[in-house]
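Student:
Protein chains: 2
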Amino acid sequence: MSASTAQQPSPQLFFQTINAHQKTEALKAAIELEVFTAISEGNTTTAQIAKRTGASEKGIRVLCDFLTIHGMLTKQGDQYGLTLDSATFLDKRSPAYLGGAVEFLCSPTLLEGTKRMTEAVRKGGTAMENEGTVSEENPVWVQFARSMGALMFLPSQLLPKLADPNADRKLKILDIAAGHGLFGIGFAKNNPQAEITAVDWKPVLEVAKENAEKAGVADRYSTIPGSAFDVDFGSGYDLVLLTNFLHHFDPPTNEKLLRKVHDALADGGRAVTLEFVPNEDRISPPDSASFSMQMLTGTPSGDAYTFAELERMFTNAGFSRSTIHPLPPTFQQVVISEK
Amino acid sequence: MSASTAQQPSPQLFFQTINAHQKTEALKAAIELEVFTAISEGNTTTAQIAKRTGASEKGIRVLCDFLTIHGMLTKQGDQYGLTLDSATFLDKRSPAYLGGAVEFLCSPTLLEGTKRMTEAVRKGGTAMENEGTVSEENPVWVQFARSMGALMFLPSQLLPKLADPNADRKLKILDIAAGHGLFGIGFAKNNPQAEITAVDWKPVLEVAKENAEKAGVADRYSTIPGSAFDVDFGSGYDLVLLTNFLHHFDPPTNEKLLRKVHDALADGGRAVTLEFVPNEDRISPPDSASFSMQMLTGTPSGDAYTFAELERMFTNAGFSRSTIHPLPPTFQQVVISEK
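Taken in sequence, the protein lines are chains D and Y.
Last residue of the first sequence: number 339 in my numbering, and the count goes up by one each step with no gaps.
Last residue of the second sequence: number 339 in my numbering, and the count goes up by one each step with no gaps.
1. Using the C-alpha atoms, what's the distance from E195 of chain Y back to Y221 of chain Y?
2. If we count the other Cβ atoms within 10 Å of its Cβ and call it buried at 16 or more, is L98 of chain D buried or exposed?
3. Say whether chain Y places a C-beta atom closer than 8 Å to the C-beta of P329 of chain D.
4. In this structure, how does DSSP classify H180 of chain Y when only helix, strand and coil are distinguished?
5. So which residues of chain D does N254 of chain Y contact, with C-beta pairs closer than 7 Å?
6. What do you get for T323 of chain D, buried or exposed, if any count of 16 or more other CB atoms within 10 angstroms of its CB means buried?
7. Let me know if L174 of chain D comes out buried or exposed under the rule of 16 or more other beta-carbons within 10 Å of its beta-carbon.
8. Given a limit of 7 Å on CB to CB distance, which residues of the stretch 288-306 of chain Y reach chain D?
9. Roughly how many angstroms lie between the CA atoms of A3 of chain Y and A198 of chain D, to the nearest whole one?
10. What are the residues that DSSP puts in a beta bridge with P326 of chain D?
11. With which residues is L73 of chain Y paired in a DSSP beta bridge?
12. Kindly indicate if chain Y contains any beta-carbon less than 8 Å away from that of S10 of chain D.
13. Sorted by chain position, which residues of the same chain lie with C-beta nearer than 6 Å to M1 of chain Y's C-beta, five sequence neighbours on each side aside?
14. Would you please state the rounded distance, in angstroms, between the beta carbons of T402 of chain Y and G81 of chain Y? I believe it to be under 8 Å.
15. DSSP state of E195 of chain D, grouped into three classes?
16. Who are the near neighbours of T5 of chain Y in its chain, counting only those whose CB is closer than 8 Å to its CB and skipping five residues on each side?
17. Would you grab the beta carbon distance between V347 of chain D and V142 of chain D for me? Rounded to a whole angstrom, and I think it's under 8 Å.
18. By the 10 Å Cβ neighbour count, where 16 or more other Cβ atoms means buried, how is S235 of chain Y classified, buried or exposed?
19. What's the C-alpha gap between N254 of chain Y and A271 of chain Y?
20. Give, in chain order, every residue of the stretch 108-136 of chain D whose Cβ lies closer than 7 Å to some Cβ of chain Y.
21. Quick one: using the 10 Å Cβ neighbour count with 16 as the cut-off for buried, is R282 of chain Y buried or exposed?
22. Can you tell me whether A47 of chain D is buried or exposed, with buried defined as 16 or more other CB within 10 angstroms of its CB?
23. Would you mind telling me which residues of chain D sit closer than 7 Å to P286 of chain Y, beta carbon to beta carbon, in chain order?
24. Among the residues of its own chain, which have a CB less than 8 Å from the CB of M313 of chain D, if the five just before and after it don't count?
25. Could you list the residues in the stretch 263-283 of chain D with a C-beta less than 9 Å from some C-beta on chain Y, going in chain order?
26. Identify whether S222 of chain Y lies in helix, strand or coil by the three-state DSSP scheme.
27. So with CB distances below 7 Å, who are the chain Y contacts of N43 of chain D?
28. Exposed or buried, what is D200 of chain Y when buried is set at 16 or more other beta-carbons lying within 10 Å of its beta-carbon?
29. Are the beta-carbon atoms of K189 of chain Y and A218 of chain Y separated by less than 8 Å?
30. Between F249 of chain Y and G302 of chain Y, is the Cβ-Cβ spacing less than 8 Å?
31. Looking only at its own chain, which residues have a Cβ that is under 6 Å from the Cβ of G125 of chain Y, when we skip the five neighbours before and after it?
32. Thinking C-alpha only, which one of D:T273, D:A26 and D:A29 is nearest L162 of chain D?
33. Can you find at least 3 beta carbon pairs, one from the stretch 237-244 of chain D and one from the stretch 178-188 of chain D, that sit closer than 8 Å?
34. Step through the CB atoms of chain Y and report whether any lies within less than 8 Å of the CB of G59 of chain D.
35. For R122 of chain Y, name the three-state secondary structure that DSSP assigns.
36. Please tell me whether D238 of chain D has its Cβ less than 8 Å away from any Cβ of chain Y.
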């Protein structure tokens, strides 16, 4: 585009944005039909992919072209291929397969929240009844625990390397809102002297216990069923993990919880928080900054907090010092707060 | 991003794509709440925009940051601003305001088609009952006529300049599936000797007639209510307009219609087709190539046709020659076919 046409207004972004929901549906359809897996198996033409997926040739042609346009496939002549990302995350046979995460990310609860965005903007929080996703024992968290493990597998391996790099001493670890349990389990695998206590709703903990069993760390894995706001944590922990949890609540609620976390830590203990942390401008980096929308539509008062906001919450709860650390290649950040 | 990290697989595109529906909802919410109009009026801080739109400050902050991240607003410090595109197309007071197009583009019918994409891919056409959007007298076309005029205003001014540049002789013009009527009306405004006959369902023609009245060309505007496949067009037309129509049907159906168009043209007459025309690779240019998805999910057998495919349909229907012309700055193409 020349400099002069770049100055002309264009309705292109309007069109692309209003039709963006097609991209969500196309990825869902391709996962459901196992299009990526079919291509990985060597079915690369429209006819071959259609045969393998039980779909029409025309439908596959339109879907695969659409996925190519939007960066999820390649096309050379009449042959479709996987990108590095789709081969890694969307082929069912890949150990890093993420397709299951659709069950949580496109669950009726999350979709309803997004659908009612106008109301949420008016109100300043989810338009859903009963506090949205953070309501008591909301079954969406069992769905989360069952389907989001794959997406958290990489960060759950990286986080222990950051917070327990030497892995050479006994560690008592509390994993708050453990979900799939992968973060606590990651610490247990990283350090054979680590002992994990996981807190979450009872049906969610069933998933975490299964995962601890599979990972061979069940003998160092215990659980406390219930709300993190209500249960007795015990005391003397070296580390308390707060992974993707604080964003669901407002600062006073978080501070109340963090005071309880502070009390449960041993002297010299640390809280390890994994979060979507936007910069002070709140518009960068884009993925972390965008996350506040998910919280607006899904929770009564959650948010994506800046480091300054998180630091203030920890300070108000009695912590002496918080530091922020990237966790590449993920776009999340780790805040380590010392008692 | 460095070369080495660019080689690592990342789940970022997966996340962005599965959450793309948030962008659709954010644009809808901002239009509904008149956020762009509010900013244009000088309300540039979260507090001011919230007051003007009757929404919460937190909701406005999250929405405006989200719109900024996705290119629809600017942000400097705590001040939001409009982009060139949003000032032109999303401020209600702008003559080129497109907000109304949401009523058609996000109508329950179009959304249902998109929602049932997996079924459509399996089947090779819309999963909706009764032929989807092309069913007889589907009320979505009244919605189309009422709400899509603004989006078509610019092309409806450009098309007559291309097909009737001298505007110096009497022209008898047939406007097939006229909808809002803007294309025929554009020709009538361009050339005081042009006489338009518009074909569409009766309730749709009411909208076209209103628009012809407003444009001051009602005395040269007549209508033929009914399906373009069934009604008698008459004969002796110099131009037949086929704007955004052929994409709804399969080639044999189009050829049948085009033979009828051929018969209705005077010697030396031309069919003027406005379409989304993908290149032979069907993945470029992206906006036109993506359009085939809308047809897959919304119609039984529609498609975005390449120029070679369109040319073949016109040739099979008896036309002697077809040529393709861009219509900048729009991303649509014009095919002119000579009798």
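Beta carbons: idealized from backbone N, C-alpha and C, even for Gly.
Tutor: This is what the structure holds:
1. 6 Å
2. buried
3. Closer than 8 Å to some Cβ of chain Y, the Cβ of P329 of chain D qualifies, so yes.
4. coil
5. Those within 7 Å of N254 of chain Y in chain D number zero; the least Cβ separation is about 16 Å.
6. exposed
7. Around the beta carbon of L174 of chain D, 16 or more other beta carbons lie within 10 angstroms, which makes this residue buried.
8. Listed by position, the residues of the stretch 288-306 of chain Y near chain D (Cβ gap below 7 Å) are A289, S290, S292, M293 and L296.
9. Interpretation of A3 of chain Y is limited by its pLDDT of 40, a score under 50 that renders its predicted location unreliable; the figure taken from the coordinates is listed afterwards. Rounded to whole angstroms, A3 of chain Y to A198 of chain D spans 39 Å at the Cα level.
10. D:Q333
11. Y:L82
12. yes
13. Since pLDDT at M1 of chain Y reaches only 37, below the 50 mark, its modelled position is unreliable, and no value is offered.
14. Beyond the ends of chain Y as shown, which are 1 and 339, falls residue 402 of chain Y; an answer cannot be given.
15. strand
16. A caution first: T5 of chain Y carries a pLDDT of 48, below 50, which makes its placement in the model unreliable, though a value can still be read off. Correct list: empty, nothing qualifies.
17. What the structure shows of chain D is the stretch from 1 to 339, and residue 347 of chain D is not part of that stretch, so it cannot be assessed.
18. exposed
19. The straight-line gap from Cα to Cα measures roughly 13 Å.
20. Of all residues in the stretch 108-136 of chain D, the ones placed with a Cβ closer than 7 Å to any Cβ belonging to chain Y are T114, K115, M117, T118, A120, V121, R122, K123 and G124, in chain order.
21. In summary, R282 of chain Y is buried, with 16 or more beta-carbon neighbours lying within 10 Å of its beta-carbon over all protein chains present.
22. It counts as exposed.
23. Against P286 of chain Y, the close residues of chain D are I69, in the order they occur along the chain (beta-carbon pairs closer than 7 Å).
24. Counting only residues of its own chain and dropping the five nearest sequence neighbours on each side, M313 of chain D has a CB closer than 8 Å to the CB of L246, P251, N254, E255, L258 and Y305.
25. P278, D281, R282 and I283
26. strand
27. Going along chain Y, no residue has its Cβ under 7 Å from N43 of chain D, so there is no contact; the nearest lies around 15 Å.
28. With 16 or more other Cβ atoms from the protein chains shown falling within 10 Å of its own Cβ, D200 of chain Y counts as buried.
29. no
30. Yes, Cβ-Cβ distance for F249 of chain Y and G302 of chain Y is below 8 Å.
31. Here G125 of chain Y has P300 and S301 as same chain residues with Cβ atoms under 6 Å from its own Cβ, once five neighbours each way along the sequence are excluded.
32. D:T273
33. Yes: at least three Cβ pairs fall under 8 Å.
34. yes
35. helix
36. no
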